[in-house]
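The opening residue of the sequence shown carries number 0 in numbering that gives the first Met the number 0; numbering runs sequentially from there.
Glycine included, each C-beta is placed from N, C-alpha and C at the ideal position.
For clarity, every value in this text was computed on a predicted model and none was experimentally measured.
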Amino acid sequence: MTTRTTIDERDYDRRRLRQWLGGTARAEGVARRDLLRLLTLAGAVAAAGTGIATGKAGAAAAAPRGPGARASGIVKPLPEDDFVVHGTNAETRWSALRDTGFLTPAELFFVRNHTATPLLDADDWRLTVWGSGLRGGPAEFGLADLRSLPATERSAFVECAGNGRGFFAGQQGETVSGTPWALGAVGVARWRGVRLAEVLRRAGLADHAVDVQPSGLDAEYVTGDGVNLGRVRRPLPIAKALDDVLLAYEMNGEPLPPDHGHPVRVLVPSWVGIANIKWVGDLEVSAEPLYSPWNTDMYRLFGPTYPEEGSAPLTRQTLKSAFELPSPATFAAGATHRLTGRSWSGGGPVTGVGISTDGGANWLPARLRDEPRADVWTRWSVDWTPAAPGDAELLARATDATGATQPERTVFNEQGYLFGAVVRHPVTVT
Ligand SMILES: Nc1nc2c(c(=O)[nH]1)N[C@H]1C(S)=C(S)[C@@H](COP(=O)(O)O)O[C@H]1N2
Ligand SMILES: [Mo]
């Protein structure tokens, strides 16, 4: 059982802004101008702000692709039946998960790459741990060093913060920026690795450390309009870093595959996908708050109902449900069909799922097929006998241990993060 540290991201963020202003926070790779704008909007400086640049770097541009196309930069095969390719990314089709077990096989796991999968040699790989939050100089670890430390195994989902983004347009008629994922930018795997806390302790973690920032060894990320944002990286507050974060070197009992971070990735249970830095090569441990483009211009909520400077940086994923069906799905009238699906939440275990086969007028409880657990999904099923031919909509609505239930709509945000509303799954009855 994980102890859940309460981290007030909003307070933490404001404290960081103040420290930055006081010259004690660092923000490499974030243009000083952009950060000043952010600070202004947060009310931390007096001058008037002009607005935040958002949405330009959310995703690689999607290229039109033929059947069986490969996403550029992804190593594993992406069969048309299993994946939808979006530019440098590949989304798992939910219909392909129907016959899989609780864990998503690595071959079917979605891939979200800012650039391309690098091919790294595990024997040459080194992790450098450095920064003002250590008592001494840099420490280096090879893969054999990590493997010789006490190992921990846990199941957890990795889910893109933009999973479900396509439904802002498709279901709510709202235009957002970024890859228009349906619900397939999520997977659950069994991860094995060493606790980040253990590695930090061995590297000489100081009491005054506040942030840990992992960076990837993949290429620097250049936005569509030509701005080089540097290595993919995002700071973690020390409280989360010491809680349940792993440096994972195995996925479902095998060494990590190239597309998922070989040889080592960060695994941050329940948090937005971007926190799970793949191909990690460097951990900056800082006594000062850190910024990167991935916790300032991106991965906050911007929009009319949010503060002008955006929400606090995103942490936990939201509540979602998906049917293991093609979209649209076809069923014969008069026969009984077993509908299956999965629900998950970054807030806690999914404790109940309601199903509607008549577009939301009537609901009945699904049968849960897994013991509800935090950081993973709960599988469910329900039997359905459609009476007459015609079009229908299937809805699944989950509730988690915090008491949260999926709403009918998700409040708009410009970059389309954290879509959590009930998805209306189209069906044709023949
Ligand atoms: N180094 C690196 N780490 C990364 C990324 C990346 O492009 N480079 N993408 C992030 C994002 S946005 C997500 S959603 C997850 C996706 O993990 P997966 O490709 O293993 O499914 O990895 C995260 N870690
Ligand atoms: Mo993501």
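For residue 201, the shortest C-beta to heavy atom distance toward ligand 1 is 8 Å or greater.
For ligand 1, no non-hydrogen atom lies closer than 8 Å to the CB of residue 85. Around the beta-carbon of residue 262, 16 or more other beta-carbon atoms lie within 10 Å, marking it buried.
The region 243-259 makes no contact with the region 292-305, as fewer than three CB pairs between them are under 8 Å.
For residue 154, DSSP records a beta bridge to 189. Within the same chain, and ignoring the five residues on either side of residue 322 in sequence, the residues whose Cβ sits closer than 7 Å to its Cβ are 93, 338, 340, 393, 395, 424.
Secondary-structure assignment with DSSP links residue 126 through a beta bridge to 140. In the structure shown, residue 414 adopts coil according to DSSP, grouped into three states.
Shortest Cα-Cα distance from residue 390 to any of 381, 402, 350, 328 involves 328.
Taken through DSSP and simplified to helix, strand or coil, residue 319 comes out as strand. Runs of the alpha helix (DSSP H) lying entirely within the region 265-331, each at least 4 residues long, are absent.
The bridge partners DSSP lists for residue 354 are 363, 395. Taking a cut-off of 8 Å on C-beta distances, the region 219-234 touches the region 286-305, as three or more cross pairs fall below it.
For residue 287, the closest C-alpha among the options 98, 258, 130, 171 is that of 130.
Sequence-distant Cβ neighbours of residue 401 in its own chain, meaning closer than 6 Å and more than five residues away, are 346, 347. In the DSSP assignment, residue 170 falls within the alpha helix (DSSP H) that extends over 165-171. Secondary-structure assignment with DSSP links residue 88 through a beta bridge to 85. Between residue 266 and residue 186 a beta carbon distance of about 12 Å is seen, past the 8 Å cut, so the two are scored as non-contacting.
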